[in-house]
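Chemist: Before I ask anything, here is the structure I am working with.
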Amino acid sequence: MAANVPRIDYDPATGKCLGLLVESTRTNTALNSDTFSSWTKSRSTVVDTTVPSPDPTKFAKKLVDNTELNEHVVNYAFTPAASTTYVFSCFLKAAERNFAFISIRNFANQTVGWSVSIDLTTYQTFGAPTSTAGETLTITPLPDGWCRVSLSTTTIAAPVGTINPTLGAKDSLTASGTYVGDGTSGIYIFGAQVEVGASPSSYIPTAGAAVTRAADLVSIDYTLPTVGAIVSSLAGVSSANSSNAYVWSAINPADHNADHAYFYYPGASQSTNWWVNKGGVGQSGGNVLGRRQSAGFCFDASAKTAAIASGSLLFEDTTRPKDFPSNLSQLLLGRSRTNANFLNGCISRLAVYSGRITNAQLQRLTA
Numbered sequence: 127m128a129a130n131v132p133r134i135d136y137d138p139a140t141g142k143c144l145g146l147l148v149e150s151t152r153t154n155t156a157l158n159s160d161t162f163s164s165w166t167k168s169r170s171t172v173v174d175t176t177v178p179s180p181d182p183t184k185f186a187k188k189l190v191d192n193t194e195l196n197e198h199v200v201n202y203a204f205t206p207a208a209s210t211t212y213v214f215s216c217f218l219k220a221a222e223r224n225f226a227f228i229s230i231r232n233f234a235n236q237t238v239g240w241s242v243s244i245d246l247t248t249y250q251t252f253g254a255p256t257s258t259a260g261e262t263l264t265i266t267p268l269p270d271g272w273c274r275v276s277l278s279t280t281t282i283a284a285p286v287g288t289i290n291p292t293l294g295a296k297d298s299l300t301a302s303g304t305y306v307g308d309g310t311s312g313i314y315i316f317g318a319q320v321e322v323g324a325s326p327s328s329y330i331p332t333a334g335a336a337v338t339r340a341a342d343l344v345s346i347d348y349t350l351p352t353v354g355a356i357v358s359s360l361a362g363v364s365s366a367n368s369s370n371a372y373v374w375s376a377i378n379p380a381d382h383n384a385d386h387a388y389f390y391y392p393g394a395s396q397s398t399n400w401w402v403n404k405g406g407v408g409q410s411g412g413n414v415l416g417r418r419q420s421a422g423f424c425f426d427a428s429a430k431t432a433a434i435a436s437g438s439l440l441f442e443d444t445t446r447p448k449d450f451p452s453n454l455s456q457l458l459l460g461r462s463r464t465n466a467n468f469l470n471g472c473i474s475r476l477a478v479y480s481g482r483i484t485n486a487q488l489q490r491l492t493a
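Each residue of the sequence shown is one higher than the last, beginning at 127 in the numbering used here.
Okay, here's the thing in structure tokens:
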């Protein structure tokens, strides 16, 4: 994506516009992520096809088993950092084989090692729960029989050697990955990605070297009113994320520490929060329970009122001064005032209202 061009994302299944995608920087360390040319093939080959991949400009590859009685896999090795969570993802589709397995494993190096089997036609899984000890499996169905599968793992404090992200074809969901292949059957594969994080980000293609995607730094130069409301709707934001995630931050560029307002999900709890600072003094703040996809807060510096709502949920701050700074002239979308804690999701709507918005009106706007 070119600089100064917003990334608009769409639901891959329905084509519905999800809104402005805002993500943190990520690095895909899986080399040759489309071709798998540098990956190790064990009793398998990776061949060209004319099957369209999830990227309409590229064709998929096919992982083909050989005729041995064994596992039929491709993998690569990387040296992990200590106490770090990695997520391995890839696009998969059934071909002659309807089953696959994915793993990110070197059991001596990880708090939990994973290998999960998947039915690529029903998305049924076998071999592990969906989440344990911080490790998570996700399957995202896509059009034309594709799905994106991801698997995360966390390393121990002193890992030794490598971790090996692995893909394999199978002839059964629940049986061992060892079977006699026929030399022509397999599964379609595309777009491998290994990155630091608990969940996969949007796909970053690589060739012979790792590729880093810069963070999305989106801002609007706009001076907020001192009486009004800000309402947002989101899409694709994980309710299970354990990190702070900001919907927006409003700052005084001359001193964003003294004067700011922000709307965010705190990592330590499942809630939706706001906070306002003026002259270095907290003015208002509070939350409603849950990471709400549609929420907003209203403020009135004259009447000294401030509240947050998400439909029927409402909290009004009745203890703080409830003033609102008049010098907040820049809106930062999907990140904190320090360019951290990215939303890693889509902003479908962001509306700024000038003028008094009652609590009841705010509830209707966020229903």
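For each residue, glycine too, the CB sits at the ideal point set by N, CA and C.
1) Kindly indicate which three-state DSSP category PRO451 falls into: helix, strand or coil?
2) Pull the bridge partners of VAL215 from the DSSP assignment, please.
3) Do ALA340 and GLY471 have their CB atoms nearer than 8 Å?
4) For a test of the three-state rule: what should DSSP assign to GLN396, helix, strand or coil?
5) So, under 8 Å CB-CB, THR304 and ASN201 are touching, yes? Tell me the CB distance rounded to an integer number of Å.
6) Within the chosen definition, does the segment 474-484 reach the segment 388-407 through at least 3 CB pairs nearer than 8 Å?
7) Quick one: give me the first and last residue of the beta strand (DSSP E) that ILE470 is part of.
8) Can you check DSSP and say which residues form a bridge with SER358?
9) Indicate whether ALA336 and ASN467 have their beta-carbon atoms separated by less than 8 Å.
10) CB-CB under 7 Å to THR266, same chain, minus the five flanking residues each way: which ones, in chain order?
11) So ASN290 is in the alpha helix (DSSP H); what residue range does that whole segment cover?
12) Where does LEU146 fall in DSSP's three states?
13) Tell me, please, which residues DSSP counts as bridged to LEU458.
14) Taking 7 Å as the limit between beta carbons, can you name the residues of its chain near ARG554, skipping five residues before and five after?
15) The beta strand (DSSP E) that contains ARG490, what's its start and end?
16) Quick check on DSSP: helix, strand or coil for SER191?
17) Assign THR205 to buried or exposed, taking buried as 16 or more other Cβ atoms, counted over all protein chains shown, within 10 Å of its Cβ.
18) Which of the three DSSP states is assigned to ASP135 in this structure?
19) Below 8 Å between beta carbons: does that hold for ARG86 and SER358?
20) Counting C-beta neighbours from all protein chains within 10 Å, is the total for SER229 16 or more, i.e. buried, or is it exposed?
21) Let me check one thing: in DSSP terms, what residues is ASP270 bridge-paired to?
22) What is the C-beta distance between LEU189 and SER170, in whole angstroms, given that I count them as a contact (C-beta under 8 Å)?
23) To the nearest angstrom, how far is it from the Cα of PRO138 to the Cα of LEU491?
24) Does DSSP put TYR314 in a helix, in a strand, or in coil?
25) Please look up how many angstroms separate the CB atoms of ALA427 and VAL353, rounded, as I've assumed it's under 8 Å.
26) Tell me, please, whether the segment 373-389 touches the segment 440-457 by the rule of three or more beta-carbon pairs shorter than 8 Å.
27) Only counting the same chain, and skipping five residues up and downstream in sequence, which positions put a Cβ closer than 6 Å to that of ALA318?
28) To the nearest angstrom, report how far apart ILE315 and ARG133 are at their CA atoms.
29) Rounded to the nearest angstrom, what separates ALA324 and LEU263 at their Cα positions?
30) Are the CB atoms of VAL213 and SER276 within a distance shorter than 8 Å?
Modeler: According to the data block:
1) coil
2) Before going further, note that residue 215 is Ser rather than Val in the sequence given. Looking at the DSSP assignment, SER215 forms a beta bridge with SER276 and GLN319.
3) No, the Cβ-Cβ distance between ALA340 and GLY471 is not below 8 Å.
4) coil
5) The pair is not a contact, with the Cβ atoms about 16 Å apart (cut-off 8 Å).
6) no
7) Correcting the residue type first, residue 470 is Asn in the shown sequence and not Ile. Here ASN470 belongs to no beta strand (DSSP E), and DSSP marks it neither H nor E.
8) Beta-bridge pairing links SER358 to ALA421 and LEU476.
9) no
10) CYS273 and ARG274
11) No alpha helix (DSSP H) contains ASN290, which is instead part of the beta strand (DSSP E) from 290-296.
12) strand
13) SER345 and SER375
14) Lying outside 127 to 493, the shown extent of the chain, residue 554 is not represented and no answer is given.
15) Boundaries for ARG490: no beta strand (DSSP E) harbours it, while the alpha helix (DSSP H) harbouring it runs 485-491, taken from the DSSP string.
16) Looking at the sequence shown, residue 191 is not Ser but Asp. The answer is strand: DSSP assigns ASP191 an E or B state.
17) Exposed.
18) strand
19) With the chain covering 127 to 493 only, the question about residue 86 has no answer from this structure.
20) buried
21) According to DSSP, ASP270 shares a beta bridge with no other residue.
22) 6 Å
23) 27 Å
24) strand
25) 6 Å
26) yes
27) Only ALA156, SER159 and CYS216 meet the Cβ criterion.
28) Our two residues, ILE315 and ARG133, have alpha carbons roughly 25 Å apart in a direct line.
29) Rounded to whole angstroms, ALA324 and LEU263 show a C-alpha spacing of 10 Å.
30) yes
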